[in-house]
Amino acid sequence: QADSVFFAVDLGATSGRTIIGTISGKGADGCAADKPTITLEELTRFDNALIQIRGHVCWDLAALYNEIIAGLRLAAQRNYPIESIGIDTWGCDFVCIGADGLPLGNPFAYRDPHTVGKMDEYFAEAMPKAQVYEKTGIQLMNFNSLFQLYAMRKAGSPALQNADRILFMPDALSYLLTGEMVCEYTISSTSQMLNVHTGEIDEALLQSVGLRRTHFGRAVGPGTVVGTLTEEVRKLTGLGPLPVVAVAGHDTASAVAAVPAAGPHFAYLSSGTWSLMGIETPQAIVNEQSFSRNFTNEGGVAGTVRFLKNICGMWLYECCRREWKKEPGDVSHATLIEEAMKAEGFRSLINPDDPMFANPDSMTAAIQTYCRRHDEPVPETRGQFCRCIYDSLALRYRQVFGWLKEFAPFPIDVLHVIGGGSQNSFLNQFTADSCNITVLAGPQECTAIGNVMLQAKAAGYFKDVWDMRQVIANSIAPARFIPRDTAPWKAAYEKYLYVTGGSEE
Ligand code: LRH
8 QADSVFFAVD
18 LGATSGRTII
28 GTISGKGADG
38 CAADKPTITL
48 EELTRFDNAL
58 IQIRGHVCWD
68 LAALYNEIIA
78 GLRLAAQRNY
88 PIESIGIDTW
98 GCDFVCIGAD
108 GLPLGNPFAY
118 RDPHTVGKMD
128 EYFAEAMPKA
138 QVYEKTGIQL
148 MNFNSLFQLY
158 AMRKAGSPAL
168 QNADRILFMP
178 DALSYLLTGE
188 MVCEYTISST
198 SQMLNVHTGE
208 IDEALLQSVG
218 LRRTHFGRAV
228 GPGTVVGTLT
238 EEVRKLTGLG
248 PLPVVAVAGH
258 DTASAVAAVP
268 AAGPHFAYLS
278 SGTWSLMGIE
288 TPQAIVNEQS
298 FSRNFTNEGG
308 VAGTVRFLKN
318 ICGMWLYECC
328 RREWKKEPGD
338 VSHATLIEEA
348 MKAEGFRSLI
358 NPDDPMFANP
368 DSMTAAIQTY
378 CRRHDEPVPE
388 TRGQFCRCIY
398 DSLALRYRQV
408 FGWLKEFAPF
418 PIDVLHVIGG
428 GSQNSFLNQF
438 TADSCNITVL
448 AGPQECTAIG
458 NVMLQAKAAG
468 YFKDVWDMRQ
478 VIANSIAPAR
488 FIPRDTAPWK
498 AAYEKYLYVT
508 GGSEE
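The opening position of the sequence shown corresponds to residue 8 in the UniProt record's numbering, with each subsequent residue numbered one higher.
Shown next, in the form of structure tokens:
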């Protein structure tokens, strides 16, 4: 019963990690024997900063590549018996590749303002809004790849004009390691280019941004081998001809795959820079209601659909914290949470999804402006800011959870909170109280776990996603939060609806 060892690259919109994932306790034939478990070891952690350059916001592709090489080199030095490599990243962003096989500059980051207003232009000039939704079933957000491509076309982007291929972020990085170009299903589903009914890139949408199917890589499902490390990467790292697996390349798909649920009647809240709240369904839910509430149907593993809604998550908190780091004083999560809990509850409420919070110069100033405009007491102290963010997020969760219950084709028994945000016990209790549902919190490392699990699945270790989830459930004990103080949340929700104007989406 040898352990199986996998190398995961997990890139978020603020930081990235390389991780060794080990699955122990398998049977000799690869099937679950005793009680297999998964453990993770972080090899490297690095910043993934937004680069501001000439009025744009980009990702530093070469730096990310270099960090992956450094992680692989470390793994080789430490002699880990790696079976394969998998990469997952945030959604929507892509790299243009020239005819010479080199990236055409750094990719735009989805927070770049070049797409502001472009979605409405697209609906007016290219295809009506309802039709785009009917085709794709994807939540309409201005940074979806479709609208990024449209904005680049309108701006006469040389990178796009000269693009021989367009590779979504995880596929672009796999390409740099293997020389093979794929278009993995879960990541491409976030682009608003896939037809939700056929699972293929939609011809009319391609035409609307002047592209052809040949601009994209070979379509593969999550858990497919992309290729093996190139000679160049082998030399750089000291590794052998290891396979790179297209995992669930979209981090949220990896996260949802790693929910340690025992059965299908669960909802999840993948809590990181974004809060992705949804359910897993066998079929897409695309109707007038899902359109008007702007819910998304992203591709999941094993033929499932991730029916969910993007909620602005820890982004607000992360941006505030970054500002406070420039001032003297302790900015540890524990300290900030403690200050928040000492502050008055429900004092200032905001709509976390207001566009003014997308990428302001100063998040604290943006929150203050919002409060002034909506006649809310203006936060002044760090505790007041954090409390405002946590209260408002929990109330937004209540709103979205209410809609989710209406859509769900099954009764929702439990809400699994996963990701970095699941470590915040206070917010977990707020969520349980606000949504009036039992919250099971953890694993924190859901994206990396999902990544490793998909590699193991590709290697034939699991028969299905439930087999995988059992291994995760064997390995971690989620913390349970039972709703206990729901009345104040009911009252606060009335105030929240009033302040935020009772938004319909
Ligand atoms: C979360 C996430 C989310 C996308 C956003 C761009 O990391 O992948 O699912 O919508 O980033």
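From the three backbone atoms N, C-alpha and C, an ideal C-beta is built for every residue, glycine too.
A residue is called buried when at least 16 other Cβ atoms come within 10 angstroms of its Cβ; N73 does not meet this threshold and is exposed. Y505: not part of any beta strand (DSSP E); member of the alpha helix (DSSP H) spanning 494 to 507, first to last residue. Q462 places its beta carbon less than 8 Å from that of V252. Annotation: the region 403 to 468 contains the following complete segments of the alpha helix (DSSP H) (minimum length 4 residues), in chain order: 432 to 442, 453 to 465. Less than 8 Å separates the beta-carbon of M126 from that of F154.
For F150, no beta strand (DSSP E) segment is defined, and its DSSP state is neither H nor E.
When Cβ pairs closer than 8 Å are counted between the two stretches, the region 288 to 307 is seen not to touch the region 333 to 350, the count staying below three.
In the DSSP annotation of this structure, the continuous segment of the alpha helix (DSSP H) that includes T185 starts and ends at 176 to 185. Boundaries cannot be given for F364, as no alpha helix (DSSP H) includes it and DSSP labels it neither H nor E.
The beta carbon of T259 sits closer than 7 Å to at least one heavy atom of the ligand LRH.
Of all C-beta pairs linking the region 437 to 449 to the region 476 to 493, three or more are shorter than 8 Å, placing the two stretches in contact. Residue environment for A499: buried (at least 16 other C-beta atoms within 10 angstroms of its C-beta).
In the three-state reduction of the DSSP assignment, V385 falls in the coil class. Restricting attention to alpha helix (DSSP H) runs no shorter than 4 residues, the region 295 to 320 encloses them at 295 to 299, ordered along the chain. Distances from the alpha-carbon of F101 to those of G310, G256, L276 put G256 closest. The nearest non-hydrogen atom of the ligand LRH is less than 7 Å from the C-beta of G279.
The residue among F175, N113, F150, R118 with its C-alpha nearest the C-alpha of T96 is F175.
The DSSP assignment places 238 to 244, 258 to 264 as complete runs of the alpha helix (DSSP H) inside the region 237 to 273, in order along the chain (cut-off: 4 residues). At a threshold of 7 Å, L283 counts as near the ligand LRH, since its beta carbon sits closer than that to one of the ligand's heavy atoms.
Nearest C-alpha to G144 among I292, P384, D337: I292.
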